[in-house]
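Below you'll find the structure, written out as structure tokens, and then a few comments.
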Amino acid sequence: GVTASVAEISPSLGGGVPLGQHVRAVEAPDTYLFSGEDIGARFAKAVGEAIADLKRHGIKPAALIVDSIFSSDGVYCDPKGFLKEAVDLIRAEGCLYIADEVQSGFARTGSAMWGFERHGLIPDIVTIGKPMGNGHPIAGLVIRPEVLQAFGDQARYFNTFGGNPVSCAAAMATLQVIQNDKLQDNAAHIGGLIRTGFWKLAEKFELIGDVRGDGLFIGVELVVDRKTKAPAKGVANQIVNGMRQRGVLISATGPRGNVLKIRPMLTFNEAHAQQLL
11 GVTASVAEIS
21 PSLGGGVPLG
31 QHVRAVEAPD
41 TYLFSGEDIG
51 ARFAKAVGEA
61 IADLKRHGIK
71 PAALIVDSIF
81 SSDGVYCDPK
91 GFLKEAVDLI
101 RAEGCLYIAD
111 EVQSGFARTG
121 SAMWGFERHG
131 LIPDIVTIGK
141 PMGNGHPIAG
151 LVIRPEVLQA
161 FGDQARYFNT
171 FGGNPVSCAA
181 AMATLQVIQN
191 DKLQDNAAHI
201 GGLIRTGFWK
211 LAEKFELIGD
221 VRGDGLFIGV
231 ELVVDRKTKA
241 PAKGVANQIV
251 NGMRQRGVLI
261 SATGPRGNVL
271 KIRPMLTFNE
281 AHAQQLL
């Protein structure tokens, strides 16, 4: 939920909700604006600078938390494995790696069940929620035993609704449907069709500067000029509202507000994909 502690580490809530003084946000691994660069090295360098800045202010770094697909930053998921350098760096400092899988988890990326798997990593803590109950309110936390043990030894924690059996039944049923209906395979197949379709549209419309993503998590970057990569934020808003009027719900994301965020339900089929395109 949006507790004070969570809000203080979230850069996506806007200027009205400032980051905590103990928090440093790093530049997203933007593979479009910085195409041709080693995106893993660039991201790790930014993490290293954040660590150094915290130390300069007398703050001991605790953890690196990332949304594994950087959805609110504009959908950045490639190249697979680019997160490892930053995670190795943070662990060398004795810190934890927290993978936020609320948006990238539960088979949505198609190529993996969890976003962190795409990078060949095993987190210390994984946060999961929203899709976990397919609409029923439930969230979860997966933690390395030794990390949880330390917390248990030092903190008296109790939660009235923790382990609610009705919510857990909904979550178990959701997992069974994902597995039995092969929705991960479906996400990979249909997502590939949609991205191919947008690249074909890009041949006709120079407004489309980039198409990226994995499975049924897709970002389409709209630009005024492909050479300057200047954002077409106004047009993005027009498209989102125009699509809504036609019965198709998408949104715009990214710090420049010009990336169409396309995240259909996992049961999307070829007919739905064609309607979207």
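Numbering (my numbering), first residue to last: 11 to 287.
Even for Gly, the Cβ is constructed at its ideal location relative to N, Cα and C.
As the structure is a computational prediction, the values presented were derived from the model and not from experiment.
- Here the alpha carbon of Ile272 sits roughly 43 Å from the alpha carbon of Asp163.
- Within the same chain, no residue comes within 7 Å of Ala183 by CB-CB distance, once the 5 residues on both sides are set aside.
- For Pro241, DSSP records a beta bridge to Val233.
- Just measuring C-alpha positions, the residue of Val112, Pro147, Tyr107 and Thr206 sitting nearest Pro133 is Tyr107.
- Runs of the alpha helix (DSSP H) lying entirely within the region 153-201, each at least 4 residues long, are 155-164 and 175-190 in chain order.
- Gly229 is positioned such that its CB atom lies closer than 8 Å to that of Val269.
- In the structure shown, Thr137 falls within a strand segment according to DSSP collapsed to helix, strand and coil.
- For Ser261, the enclosing beta strand (DSSP E) stretches over residues Ser261 to Thr263.
- Per DSSP, the continuous alpha helix (DSSP H) segment holding Lys55 begins and ends at Ile49 to Arg66.
- Take Pro21, set aside five residues on each side of it, and the residues of its chain with a beta-carbon closer than 7 Å to its own are Leu29 and Ala35, in chain order.
- Within the same chain, Leu217, Leu232, Val233, Val234 and Asn268 come within 7 Å of Ala242 by CB-CB distance, once the 5 residues on both sides are set aside.
- A contact between stretches requires three or more CB pairs, one per stretch, nearer than 8 Å, and the region 91-99 fails this requirement with the region 172-187.
- Taking a 10 Å sphere around the C-beta of Arg66, we find fewer than 16 other C-beta atoms and assign the residue as exposed.
- The C-beta of Glu111 has 16 or more other C-beta atoms within 10 Å across all chains shown, which makes the residue buried.
- Note that the region 194-206 does not touch the region 40-53; fewer than 3 beta-carbon pairs, one per stretch, sit closer than 8 Å.
- CA-CA distance, Ile200 to Leu158, rounds to 38 Å.
- A residue is called buried when at least 16 other Cβ atoms come within 10 angstroms of its Cβ; Asp83 meets this threshold and is buried.
- For Ala73, the enclosing beta strand (DSSP E) begins and ends at Ala73 to Asp77.
- If you draw a straight line from the Cα of Val76 to the Cα of Gly125, it comes to about 10 Å.
- Within the model, the alpha-carbon separation for Ile260 versus Ala246 is close to 10 Å.
- Beta-bridge partners assigned by DSSP to Tyr107: Leu74.
- The criterion of a C-beta distance shorter than 8 Å is satisfied by Gln113 and Ile79.
- Rounded to whole angstroms, the gap between the alpha carbons of Leu43 and Lys70 is 32 Å.
- Looking only at Ile19, Met142 and Phe161, the smallest Cα-Cα distance to Gln186 is reached by Met142.
- Taking C-beta separations shorter than 6 Å and ignoring five residues to either side along the sequence, the partners of Ala122 in its chain run Arg128, following chain order.
- Arg101 sits in a helix when the DSSP states are folded into three classes.
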